[in-house]
Amino acid sequence: MTDDIYGNYIVGQWQGPTDAGTFPVYDPATGAVVAEVATATAHDVKHAINGAAAVQPMWGTMPPVERQAIIRRACAIMTDRIDELGRLLVREQGKPLAQAIGEIQYGIAFLEWFSEEGRRAHGMTIPAGTATKRIAVLKQPIGVTAAITPWNFPSVQLLRKLGAALAAGCTMVAKPAELTPLSALEIARAFDEAGLPAGVLSVLCAQEPYEFTDVVMADPRVRAISFTGSTEVGKILMRSSADTMKRVSLELGGHAPLIVFDDADLEAAVTETMASKFRNMGQTCVSVNRIFVHQAVADEFRERLEHAMSVLTIGNGLDEKTEVGPLVEPAALDKVERHVADAVAKGAKVLLGGNRAKGADLHSDQFYEPTLLVDVDDSMLITQEETFGPVAPILTFTDETDVLARANATPYGLSAYCFTNDLNRAIRMSEGLEYGTVGINDAMISAVQAPFGGMKESGVGREGGPLGMEEYLETKYVSIGQVR
Ligand code: NAD
Numbered sequence: 002m003t004d005d006i007y008g009n010y011i012v013g014q015w016q017g018p019t020d021a022g023t024f025p026v027y028d029p030a031t032g033a034v035v036a037e038v039a040t041a042t043a044h045d046v047k048h049a050i051n052g053a054a055a056v057q058p059m060w061g062t063m064p065p066v067e068r069q070a071i072i073r074r075a076c077a078i079m080t081d082r083i084d085e086l087g088r089l090l091v092r093e094q095g096k097p098l099a100q101a102i103g104e105i106q107y108g109i110a111f112l113e114w115f116s117e118e119g120r121r122a123h124g125m126t127i128p129a130g131t132a133t134k135r136i137a138v139l140k141q142p143i144g145v146t147a148a149i150t151p152w153n154f155p156s157v158q159l160l161r162k163l164g165a166a167l168a169a170g171c172t173m174v175a176k177p178a179e180l181t182p183l184s185a186l187e188i189a190r191a192f193d194e195a196g197l198p199a200g201v202l203s204v205l206c207a208q209e210p211y212e213f214t215d216v217v218m219a220d221p222r223v224r225a226i227s228f229t230g231s232t233e234v235g236k237i238l239m240r241s242s243a244d245t246m247k248r249v250s251l252e253l254g255g256h257a258p259l260i261v262f263d264d265a266d267l268e269a270a271v272t273e274t275m276a277s278k279f280r281n282m283g284q285t286c287v288s289v290n291r292i293f294v295h296q297a298v299a300d301e302f303r304e305r306l307e308h309a310m311s312v313l314t315i316g317n318g319l320d321e322k323t324e325v326g327p328l329v330e331p332a333a334l335d336k337v338e339r340h341v342a343d344a345v346a347k348g349a350k351v352l353l354g355g356n357r358a359k360g361a362d363l364h365s366d367q368f369y370e371p372t373l374l375v376d377v378d379d380s381m382l383i384t385q386e387e388t389f390g391p392v393a394p395i396l397t398f399t400d401e402t403d404v405l406a407r408a409n410a411t412p413y414g415l416s417a418y419c420f421t422n423d424l425n426r427a428i429r430m431s432e433g434l435e436y437g438t439v440g441i442n443d444a445m446i447s448a449v450q451a452p453f454g455g456m457k458e459s460g461v462g463r464e465g466g467p468l469g470m471e472e473y474l475e476t477k478y479v480s481i482g483q484v485r
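As structure tokens, this is what we get:
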């Protein structure tokens with residue numbers, strides 16, 4: 002039980018529980034209830050859209066420098082309370098505290114960057130075909146937008162969308178994941194205190210996503226939807242956006258290959274593999290899912306990786322020593338176990354881990370040991386579906402053309418990594434990999450100024466950088482005639 006009850010933030014007001022009741026948010030490290038959250042109803046969502054639509058003309062025409070001032074105040078408020086926000090994020094999601102604080106700092110960096118970019122969101126003039134005409138191209142906010150975010154990065158996933166939308170002059174109604182709604186509500190609190198006009202942002206929570214999506218997708222005033230989550234749900238939203246022809250930005254699942262050639266710096270390759278694989282317990286869309294190692298260096302790479310993995314500390318994310326926390330929910334453990342069992346049944350060997358982690362300091366059943374699998378092949382589930390857990394599967398190869406084909410043999414196309422010291426090979430691989438982001442000798446690719454997004458079934462659109470801003474802007478061509 003908990004005394005903490007969070008309301009929804011709707012058109013500048015905090016609204017506590019109604020007849021719809023509340024739902025619990027659990028700490029994955031202990032199973033304790035962190036807080037109860039009021040369930041938003043369809044009526045609440047409509048009210049939020051009404052509020053957003055009413056304030057849109059004012060927010061959309063406010064000088065960008067004034068919008069920037071409000072966004073920067075919210076940044077300062079969140080920076081002041083970063084420890085408290087970090088601890089809350091750990092309690093609802095499970096990741097180690099340093100990573101939680103890093104996530105919030107990264108989110109704030111998005112706000113700062115977009116608040117600057119909003120001042121540069123200008124159009125252009127184009128020479129006309131006759132002396133009596135002028136062609137102007139305007140960039141205007143697309144209008145009311147909606148955001149749906151996942152549980153794996155409860156803070157930055159919302160801040161990245163919100164930063165671009167607000168800076169572009171758009172209003173937003175947002176729904177965080179039901180497992181981790183608290184960080185999003187704290188973001189709303191920071192913006193409220195920063196003086197964001199009522200209605201520009203509403204954050205609504207519900208255990209059943211359709212309470213939110215059914216209303217948002219049917220409302221023609223919502224002009225764009227930005228979603229981060231699974232490919233399955235992304236497809237549902239893309240289909241349902243057709244009726245009102247909303248713009249969709251979809252950041253979906255991934256299945257990242259990491260390829261280590263025999264000329265690579267193995268120490269760097271292991272360091273980057275560790276960072277990519279074990280950040281957030283492997284629950285990231287850009288996490289390494291298939292580690293392809295050239296046969297000639299496979300033994301050495303495996304030994305180094307095994308050593309690095311064997312010293313990882315498992316525990317509650319609030320403990321400073323923890324490097325691997327709990328997975329977010331029991332179903333996540335079931336999926337990891339299914340992938341490992343399938344791999345073993347098809348001939349893979351477990352070199353390290355392979356079980357749920359137990360211990361006197363581990364107070365829930367949601368910890369999984371860092372697990373190293375070898376003799377993995379392309380027929381196994383783990384090489385086809387996202388595992389979203391701390392499992393590193395090693396596959397081997399001998400030929401560049403062959404490994405490139407294997408790396409691309411997936412419906413996903415979010416991120417891929419390649420380790421080589423051969424410049425020509427690096428160029429060939431970066432051009433040949435069918436992924437929205439390719440890291441060459443780099444597997445930590447996040448950057449606020451870069452366009453992040455997927456190819457194929459990993460999504461449409463880009464977040465971050467100038468292209469991230471474009472998702473929230475309409476392009477209008479104005480033709481002026483009879484100029485004398
Ligand atoms: P999910 O798709 O189940 O949920 C994401 C959000 O969608 C949540 O807010 C959820 O409430 C909502 N949702 C669920 N079902 C819905 C429905 N039928 N209609 C509308 N909304 C619905 O995904 P998840 O399990 O929370 O997150 C993990 C997935 O997200 C993974 O596949 C991961 O790769 C992906 N992801 C992608 C990125 C990226 O940037 N590409 C980043 C993080 C996570």
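Residue numbers (the numbering used here): 2 to 485.
Heads up, the beta-carbon is just placed ideally off N, CA and C, and yes, glycines get one too.
This one's a predicted model, so the numbers in the text were calculated from it and none came from an experiment.
| Check | Outcome |
| --- | --- |
| Distance cut-off 6 Å: V271 Cβ against heavy atoms of ligand 1 | no |
| Whole-angstrom distance between G454 and S311, CA atom to CA atom | 33 Å |
| Boundaries of the beta strand (DSSP E) in which M173 is found, first to last residue | T172 to K176 |
| Contacts around N409, its chain only, beta-carbon distance under 6 Å, and the 5 residues preceding and following it disregarded | E435 |
| Residue from A265, G144, A257 and E273 with nearest C-alpha to E475 | G144 |
| Sequence-distant residues of its chain with Cβ nearer than 7 Å to S389 (five each side left out) | Ser is not the amino acid found at residue 389; the sequence shown has Phe there. Cβ neighbours of F389 beyond the five flanking positions: G283, Q284, A333 and K336. |
| C-beta atoms of G200 and G52 nearer than 7 Å | yes |
| Endpoints, beta strand (DSSP E) assigned at F420 | S416 to F420 |
| Straight-line Cα distance separating V56 from V12 | 10 Å |
| Inter-stretch contact at 8 Å, needing at least 3 Cβ pairs: the segment 70 to 79 / the segment 120 to 133 | no |
| Any 3 or more C-beta pairs closer than 8 Å across the segment 173 to 190 and the segment 147 to 154 | yes |
| Beta-carbon separation (whole angstroms), A195 vs L159, contact threshold 8 Å | Their Cβ separation, rounded to whole angstroms, is 15 Å, which puts A195 and L159 out of contact at 8 Å. |
| The segment 202 to 218 / the segment 436 to 448 touching (three or more Cβ pairs under 8 Å) | no |
| Check: W152 C-beta below 6 Å from any heavy atom of ligand 1 | yes |
| Exposed unless 16 or more other CB atoms sit within 10 angstroms - verdict on P412 | exposed |
| C-alpha gap between W60 and P327, whole angstroms | 41 Å |
| Heavy atom of ligand 1 within 6 Å of C419 beta-carbon | no |
| A77 beta carbon less than 7 Å from that of G119 | no |
| Any non-hydrogen atom of ligand 1 closer than 6 Å to T214 Cβ | yes |
| Local Cβ density within 10 Å of H308, reported as buried at 16 or more and exposed below that | exposed |
| Own chain partners of T421 with C-beta closer than 6 Å, once the 5 adjacent residues on each side are dropped | F262, D264, A265 and A427 |
| beta-carbon I105 near ligand 1 non-hydrogen atom, thresh 6 Å | no |
| Residue closest to T323, alpha-carbon to alpha-carbon, out of R222, D423, N281 and K134 | N281 |
| Local Cβ density within 10 Å of H256, reported as buried at 16 or more and exposed below that | buried |
| DSSP three-state assignment for I53, whether helix, strand or coil | First, the residue type needs correcting, since residue 53 is Ala and not Ile in the sequence shown. Reduced to three states, the DSSP call for A53 is helix. |
| Check: E401 C-beta below 6 Å from any heavy atom of ligand 1 | no |
| Top-ranked residue by Cα proximity to G360, from D379, T399, N317 and V345 | N317 |
| contact_flag[the segment 215 to 225, the segment 369 to 383] where n(CB pairs < 8 Å) is 3 or more | no |
| Secondary structure of V351, DSSP reduced to three states | strand |
| Sufficient close CB pairs (3 or more, under 8 Å) joining the segment 37 to 48 to the segment 19 to 26 | yes |
| Whole-number beta carbon distance between L396 and N292, since they are thought to touch under 8 Å | Sequence inspection shows Ile at residue 292; the Asn mentioned does not correspond to that position. Between L396 and I292 the Cβ distance is about 7 Å, and since that is below 8 Å, they are a contact. |
| Span separating the alpha-carbon of V271 from that of L306 | 6 Å |
| G254 CB to nearest heavy atom of ligand 1 below 6 Å | yes |
| Option in E401, V392, P452 and D423 with minimal Cα separation from S488 | The chain is shown from 2 up to 485; residue 488 falls before or after that span and cannot be answered. |
| CA-to-CA distance, K134 to I481, given in whole angstroms | 5 Å |
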